[in-house]
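Participant: Quick one: this structure, given as structure tokens, is what I'll be asking you about.
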């Protein structure tokens, strides 16, 4: 049942976690270093599991494999797509996020210009390629054609559908490296069964920044509304502030696959465990 490197743990007798190291400090967390954990001698007939193994490119296959052994991932394949891919979550959030279009085949510049004009923000349906500015913030047709040529061979982007989004004026934190998307006033939020369990700066490695109490009220209120509309058990919502002061949704993700960014992983899992204790009573 377990693949190489995977470990199945019951954490604090409240939550089953399927974990595996990825080598990424922003993602990995040693559950048994911080919480009381046990490995099962014998599995119960059925159990629900949160996966923290990185990204499975064959999520549906893995879901079926585990289900055959009585292990149910916290997200069904349908919920995983809803949380992860923009074409699935965008229709529920059209009033909260920049206008977006996507294409099954890489589009030409004329098509994108007719839909959105210039400039545009371009990404894969799941993610960018290491936040590269030259492949994301596109000012005109020539740059777009060059980006599409790069998308065809990029190891992260070549298999994803192309998404083009209205480029909104975001409040900047810092410019960053020459070919990196500028750091905006953006925050990552984690939601467990609709409840907030963690938030922190998305651009956690640069200049420190945080929200005022009033900003928290608006930003986290937006995240809560997104969690209500998307309605999956473990959701990540990234929100950012425009220069006008308006808060918008940047993207959603499956909490099983998402890095912590500036969120404390210990506090995140402590909050989830506390919620699971309440559910069990």
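In full-length UniProt numbering, the protein residues as written are 1 to 281. In this text, a Cβ means the ideal position worked out from N, Cα and C, and glycines have one as well. Computed from a predicted structure; not experimentally measured.
How would you write the range of the beta strand (DSSP E) that residue 172 sits in, first residue to last?
Facilitator: Unbroken beta strand (DSSP E) run through residue 172: 172-174.
Participant: Measure the alpha-carbon distance for residue 57 versus residue 77 and round it to whole angstroms.
Facilitator: Using only the alpha carbons, I get a separation of about 12 Å.
Participant: Hey, would you say residue 31 sits closer than 9 Å to residue 269, going by beta carbons?
Facilitator: For residue 31 and residue 269, yes; Cβs fall inside 9 Å.
Participant: Buried or exposed: residue 243, going by 16 or more other Cβ atoms within 10 Å of its Cβ?
Facilitator: Label assigned to residue 243: exposed.
Participant: Cβ atoms of residue 190 and residue 263: under 9 Å apart, would you say?
Facilitator: Yes, the pair counts as a contact, with Cβ atoms nearer than the cut-off.
Participant: Does the count of Cβ pairs from the stretch 84-104 and the stretch 159-174 closer than 8 Å reach three?
Facilitator: Judged by Cβ distances under 8 Å, the stretch 84-104 makes contact with the stretch 159-174, as three or more pairs qualify.
Participant: So residue 24 is in the beta strand (DSSP E); what residue range does that whole segment cover?
Facilitator: Element bounds for residue 24: n/a, residue is neither H nor E.
Participant: Using only the alpha-carbon positions, how far apart do residue 50 and residue 106 sit?
Facilitator: Those two C-alpha atoms are separated by around 34 Å.
Participant: Does DSSP classify residue 261 as helix, strand or coil?
Facilitator: Residue state, collapsed to three classes: coil.
Participant: List the endpoints of the continuous beta strand (DSSP E) containing residue 123.
Facilitator: Per DSSP, residue 123 belongs to the beta strand (DSSP E) from 120-124.
Participant: Rounded C-beta distance between residue 48 and residue 16? I'm assuming under 8 Å.
Facilitator: That pair is a contact at about 6 Å.
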